[in-house]
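So the sequence lines, in the order shown, correspond to chains A and B. Each step along the first sequence adds one to the number in this note's numbering, with nothing skipped, and position 6 is 292. Each step along the second sequence adds one to the number in this note's numbering, with nothing skipped, and position 22 is 219. Worksheet for the structure shown next.
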Amino acid sequence: NAGVTQTPKFQVLKTGQSMTLQCAQDMNHEYMSWYRQDPGMGLRLIHYSVGAGITDQGEVPNGYNVSRSTTEDFPLRLLSAAPSQTSVYFCATARLATNTGELFFGEGSRLTVL
Amino acid sequence: DAKTTQPTSMDCAEGRAANLPCNHSTISGNEYVYWYRQIHSQGPQYIIHGLKNNETNEMASLIITEDRKSSTLILPHATLRDTAVYYCIVRVGHTGNQFYFGTGTSLTVIP
Numbered sequence: 287n288a289g290v291t292q293t294p295k296f297q298v299l300k301t302g303q304s305m306t307l308q309c310a311q312d313m314n315h316e317y318m319s320w321y322r323q324d325p326g327m328g329l330r331l332i333h334y335s336v337g338a339g340i341t342d343q344g345e346v347p348n349g350y351n352v353s354r355s356t357t358e359d360f361p362l363r364l365l366s367a368a369p370s371q372t373s374v375y376f377c378a379t380a381r382l383a384t385n386t387g388e389l390f391f392g393e394g395s396r397l398t399v400l
Numbered sequence: 198d199a200k201t202t203q204p205t206s207m208d209c210a211e212g213r214a215a216n217l218p219c220n221h222s223t224i225s226g227n228e229y230v231y232w233y234r235q236i237h238s239q240g241p242q243y244i245i246h247g248l249k250n251n252e253t254n255e256m257a258s259l260i261i262t263e264d265r266k267s268s269t270l271i272l273p274h275a276t277l278r279d280t281a282v283y284y285c286i287v288r289v290g291h292t293g294n295q296f297y298f299g300t301g302t303s304l305t306v307i308p
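See below:
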């Protein structure tokens, strides 16, 4: 079982470039989400999804787009990267229909925007 | 809106119990309290959760006050590997759709 897989692990972009961070899970979890973590800070929720075709905004959605066409994948798109988006990005998933609701995290994607 | 308040940092002697407090004074009746920890820059790891009863598992114990406005995570015998940032979060029901992490407590276990 791979769990939650994020790619790429590291990426350097120039201001204005676009890119997609990939998140894939093999646990059949309904819930998927994206967080960003800036140095010395906690995690902030960007977008989340409770199932294929359903997405919603978190705390800091501006500058990011998401889609959920399958249960397994939840890509995060930066359409025009800005230095303020330099951060570590985490994808997290959970099964919604249980009493535990444990979040499973990927290893993170470190993005630098120059 | 993190909904929880935690001290920024704490120290604990190795082998002693580490008691990490969390205030969640606006918690609603169907909101669960969850604890996670993050070691270095890894993804956070689930520790324990509860609604109103005290809970214990192989990692820790969770004590929730009767009014549910605060809770304490207890690591009974802290080791150096428990040095991490600990996050207390609340989640609406067990199908709540948003987990807000806040800034957490940085716990340092001292030899």
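Yeah, the Cβ is synthetic: ideal placement off N, Cα and C, and Gly gets one too.
Relative to chain A, which residues along the region 227-244 of chain B have a C-beta separation below 9 Å, given in chain order?
TYR229, TYR231, TYR233, GLN235, SER238, GLN239, GLY240, PRO241, GLN242 and TYR243
Using DSSP bridges, identify the partner residues of A:PHE360.
According to DSSP, A:PHE360 bridges with nothing at all.
Considering only C-alpha positions, which residue in the set A:PRO361, A:GLY337, A:HIS333 and A:ARG354 is nearest to A:ASN273?
Outside the displayed range of chain A (287 to 400) lies residue 273 of chain A, so it cannot be described from this structure.
Spell out whether any CB of chain B is found under 7 Å from the CB atom of A:GLU316.
no
Give the residues from the region 243-258 of chain B that approach chain A closer than 8 Å (Cβ to any Cβ), ordered along the chain.
TYR243 and HIS246
Helix, strand or coil for B:GLN203, going by three-state DSSP, please let me know.
coil
Please determine if the region 241-257 of chain B and the region 201-208 of chain B are in contact, where contact requires at least 3 C-beta pairs separated by less than 8 Å.
no
Classification of B:ASP279 by the beta-carbon crowding that lies within 10 angstroms, buried from 16 upward:
buried
Would you check if the region 353-360 of chain A and the region 311-320 of chain A touch, i.e. whether three or more CB-CB distances between them fall below 8 Å?
yes
Nearest chain A C-beta to B:THR300 closer than 7 Å, yes or no?
yes
Buried or exposed for A:THR379, please, with buried defined as at least 16 other CB atoms from any protein chain shown within 10 angstroms of its CB.
buried
Report the residues of the region 352-381 of chain A with a CB closer than 9 Å to any CB of chain B, ordered along the chain.
VAL374, PHE376, CYS377, ALA378 and ALA380
Listed by chain order, chain A residues near B:ARG288 by CB distance under 9 Å:
GLY387
Cα-Cα separation, A:PRO369 to B:HIS274
43 Å
Contact belief for A:GLU345 with A:LEU331 at Cβ below 8 Å, rounded distance in angstroms
5 Å
Scan the region 324-339 of chain A for residues whose Cβ lies nearer than 8 Å to a Cβ of chain B and list them as they occur along the chain.
MET327, GLY328, LEU329, ARG330, LEU331, TYR334 and VAL336
Look at the alpha carbon of B:CYS219 and the alpha carbon of A:SER304, and state the distance between them as a whole number of angstroms.
39 Å
Per-residue DSSP class, three states only, for A:PRO369:
helix
Spell out the partners DSSP gives A:ARG396 in its beta bridges.
A:PHE296 and A:VAL374
Quick one: does A:PHE391 have its CB under 7 Å from some CB of chain B?
yes
Which chain A residues are close to B:TYR168, counting only those with a beta carbon under 9 Å from its beta carbon?
Given a span of 198 to 308 for chain B in the structure shown, any question on residue 168 of chain B remains unanswerable.
Sort out for me which residues DSSP pairs A:LEU329 with in a bridge.
A:GLN323 and B:GLY299
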